[in-house]
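Chemist: Would you mind keeping the following structure in view while I ask a few things?
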Amino acid sequence: MLARVRSATILGVDAHIVDVEVDVGAGLPAMATVGLAQSAVKEGKERVIAAIHNTGFELPPRRITINLAPADIKKEGSHFDLPIALGLLVAAGQVSGERVGDYALAGELGLDGSLRPIRGALPIAFAVQEAGIPGLLLPAGNVAEAAIVEGLDVRGAASFQDIVDFLTGRRELKRGEAAPALDGGASGPAGVDLGDVRGQVHAKRALEIAGAGAHNLLLIGPPGGGKTMLARRFPTILPRFSLAEAVEATRVHSVAGQLSPGSGLLTQRPFRAPHHSISDAGLVGGGAVPRPGEVSLAHNGVLFLDELTEFRRNVLEVLRQPLEDGYVTIGRATGALTFPARFVLVAAMNPCPCGHLGDPLRSCRCTPAMVRRYGAKVSGPLLDRFDLHVEVPPVSAPELIDRVGEGPSSSEIRARVNEARRLQKERFAERRGLYANGQMGARDVGRYCSSDETALSLLRAAMGRFGLSARSFHRVLKVARTIADLDGTEGVCSTHVAEALQYRDLDRSVLIG
């Protein structure tokens with residue numbers, strides 16, 4: 251007897267519907283799985299057999315063939331356990347297949363028949379909806395995640411027996427509820443606020459500009475100046491997720507298995523801070539079966555690289571393509587997969603090997619040659635991709651003790667950032683996929699960053715004096731456009747350009763001498 255159960259396979263951050271065809275026919279007892287099934291799927295045969303037996307069913311001693319169609323797409327993942335087990339029982343005539351066609355199934359089986367959460371439930375739910383399948387049956391831990399997809403009948407179960415009982419009409423499974431709408435609360439973790447940071451007025455202003463225009467930011471200063479503290483508070487001033495952004499980010503985290511069981515839509519922008527020992531595959535993604543890296547997990551959020559010069563140079567160089575394109579393409583002999591990777595890059599580094607170059611209280615022990623070698627650990631093309639280079643000096647005792655320099659709270663700054671982003675959204679309404687100044691290309695800069703003659707003269711002089719590259723020239727204009735948006739002005743004037751030039755410290759620094 252032949253049975254067909256529908257499931258899905260994950261490719262990148264998307265899922266594709268797979269027909270699990272099970273045939274129980276004449277022949278010596280054996281079980282074969284065909285259709286480009288990878289190791290995790292083939293190993294599932296042992297889990298499936300044990301789960302069926304421990305649930306109280308018996309497989310007939312006959313030849314069983316399992317086909318995963320279409321056969322030209324790789325099938326990877328333990329979530330095929332559930333549809334294979336159900337297909338076996340339907341094909342063996344032990345379970346009625348009358349309602350099976352109304353649902354797609356995905357889930358990992360324990361040996362006792364329990365259902366365990368899987369990766370990629372959200373992309374699977376989208377694929378099921380697009381295929382016109384009315385419902386999706388999943389482990390209970392994945393229901394909140396899949397219920398994000400509106401109009402799909404998502405139900406969760408704790409065990410294989412619950413699934414069988416539901417499909418045979420002996421019990422009901424609770425339908426998953428759609429995720430609540432995003433609220434307007436804080437966009438960063440609770441308990442941190444930019445108002446906690448004493449002093450550093452210049453750096454706080456740079457953070458505000460970076461948040462308002464989605465600009466990449468490099469913080470440079472001696473140890474203890476507050477670079478990491480500032481960076482970890484950066485998400486608290488960013489605009490709240492839109493629903494589309496939240497779904498995109500949740501999709502990536504779902505495929506990577508980064509969502510905790512029972513969790514649904516991400517409500518805060520991702521903040522990823524990988525250790526400097528990370529590999530290039532860990533940063534941008536990869537592996538025999540490509541998985542998202544840190545740049546994709548930071549999609550629509552922040553990627554923070556602390557101690558930038560401690561990262562291996564080959565690891566840093568792979569950042570250049572996603573910073574420009576907003577996605578990562580990983581090629582393999584069998585094809586290429588694309589992962590989204592549009593994020594704000596925030597990095598921190600010391601000014602020299604000892605860390606005290608420019609420190610008024612501690613003397614630097616490094617020679618100019620040592621400082622140049624230290625700065626050369628980060629290539630010029632990568633430094634060019636930072637819109638703002640900001641010096642973070644040590645905080646003075648009066649600023650710490652007497653609360654001098656205590657600035658506005660994150661909520662006050664976020665209100666200004668939101669207003670600037672609103673102006674940008676209106677400006678780029680006709681440009682699909684463009685929502686912030688930091689994402690503008692060269693043609694967009696020419697169109698949207700109109701400057702008066704005084705501002706252009708200032709830029710020409712700066713290019714001659716500091717040797718700015720063409721990329722740096724455009725980044726200065728983009729930052730100036732964001733400063734103008736924060737001021738609420740339509741055009742970019744010389745004061746905006748002058749402030750933007752103040753955030754190009756490395757173009758004037760001995761680090762790149």
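The numbering of the sequence shown is this note's numbering, which starts it at 251 and goes up by one.
Heads up, the beta-carbon is just placed ideally off N, CA and C, and yes, glycines get one too.
Everything numeric in this text was worked out from a predicted model, so none of it was measured.
Between the stretch 486 to 504 and the stretch 554 to 562, are three or more C-beta pairs nearer than 8 Å?
Modeler: no
Chemist: Excluding the five sequence neighbours on either side, which residues of its own chain have a C-beta within less than 6 Å of the C-beta of Arg483, listed in chain order?
Modeler: Val442 and Leu444
Chemist: Return the chain-ordered ranges of every beta strand (DSSP E) run that is complete within the stretch 527 to 558 and spans a minimum of 3 residues.
Modeler: 552 to 555
Chemist: What's the call for Gly426, buried or exposed, on a 16-neighbour Cβ count within 10 Å?
Modeler: buried
Chemist: Which full runs of the beta strand (DSSP E) of 3+ residues lie inside the stretch 378 to 435, going along the chain?
Modeler: 385 to 389 and 403 to 407
Chemist: What is the C-beta distance between Leu359 and Arg297, in whole angstroms, given that I count them as a contact (C-beta under 8 Å)?
Modeler: 5 Å
Chemist: So, is Ala258 buried or exposed, given that buried needs 16 or more other C-beta atoms within 10 angstroms?
Modeler: Flag for Ala258 reads buried.
Chemist: Counting Cβ pairs, one atom from each stretch, are 3 or more of them under 8 Å apart for the stretch 341 to 353 and the stretch 490 to 506?
Modeler: no
Chemist: Is the stretch 259 to 279 close to the stretch 363 to 382, with three or more CB pairs under 8 Å?
Modeler: Inter-segment contact for the stretch 259 to 279 and the stretch 363 to 382 is present: three or more beta-carbon pairs are separated by less than 8 Å.
Chemist: Touch check for the stretch 631 to 644 and the stretch 460 to 470: three-plus C-beta pairs under 8 Å?
Modeler: In short, these stretches touch, since the Cβ pair count reaches three.
Chemist: With distances taken from CA atoms, which of Leu607, Cys699 and Ala705 is nearest Thr617?
Modeler: For Thr617, the nearest C-alpha among the options comes from Leu607.
Chemist: Apart from the five residues just before and just after Arg337, which ones in its own chain have a Cβ nearer than 8 Å to its Cβ?
Modeler: In the sequence as presented, Arg is not what sits at residue 337; that position holds Gly. The residues are Ala253, Arg254, Val255, Val270, Glu271, Val272 and Ile316.
Chemist: Report yes or no: do the stretch 532 to 546 and the stretch 577 to 589 share at least 3 C-beta pairs separated by less than 8 Å?
Modeler: yes
Chemist: Looking at C-alpha atoms only, which residue of Ile398, Ala686 and Ala711 is the closest neighbour of Arg731?
Modeler: The option with the nearest alpha carbon to Arg731 is Ala686.
Chemist: Could you give the C-beta distance for Leu467 and Lys477, rounded to a whole number, given that I count them as a contact under 8 Å?
Modeler: Wrong, their Cβ atoms sit about 10 Å apart, outside the cutoff.
Chemist: In chain order, which beta strand (DSSP E) runs of at least 3 residues are fully inside the stretch 636 to 669?
Modeler: 638 to 641
Chemist: Tell me where the alpha helix (DSSP H) around Leu573 begins and ends.
Modeler: Arg570 to Asp575
Chemist: Note down the Cα distance separating Cys743 from Arg697, rounded to an integer number of angstroms.
Modeler: 15 Å
Chemist: So, under 8 Å CB-CB, Leu361 and Ser409 are touching, yes? Tell me the CB distance rounded to an integer number of Å.
Modeler: The Cβ separation is near 12 Å, so there is no contact.
Chemist: Does the count of Cβ pairs from the stretch 384 to 402 and the stretch 526 to 535 closer than 8 Å reach three?
Modeler: no
Chemist: Please look up how many angstroms separate the CB atoms of Ile302 and Met281, rounded, as I've assumed it's under 8 Å.
Modeler: Not really, about 11 Å apart at Cβ, beyond 8 Å.
Chemist: Use the C-beta contact count for Leu278: other C-beta atoms within 10 angstroms, 16 or more gives buried, fewer gives exposed.
Modeler: Its Cβ having fewer than 16 others within 10 Å, Leu278 is exposed.
Chemist: What distance in whole Å lies between the Cβ atoms of Val726 and Leu706, which are believed to be in contact at a cut-off of 8 Å?
Modeler: About 11 Å separates the two Cβ atoms, so there is no contact after all.
Chemist: For Asp634 and Ser722, which I take to be in contact (beta-carbon distance under 8 Å), what is that distance rounded to the nearest angstrom?
Modeler: 6 Å
Chemist: Is Ile651 buried or exposed, if buried means 16 or more other CB atoms sit within 10 Å of its CB?
Modeler: Residue burial is scored here from C-beta neighbours: Ile651 has fewer than 16 other C-beta atoms within 10 angstroms and is therefore classed as exposed.
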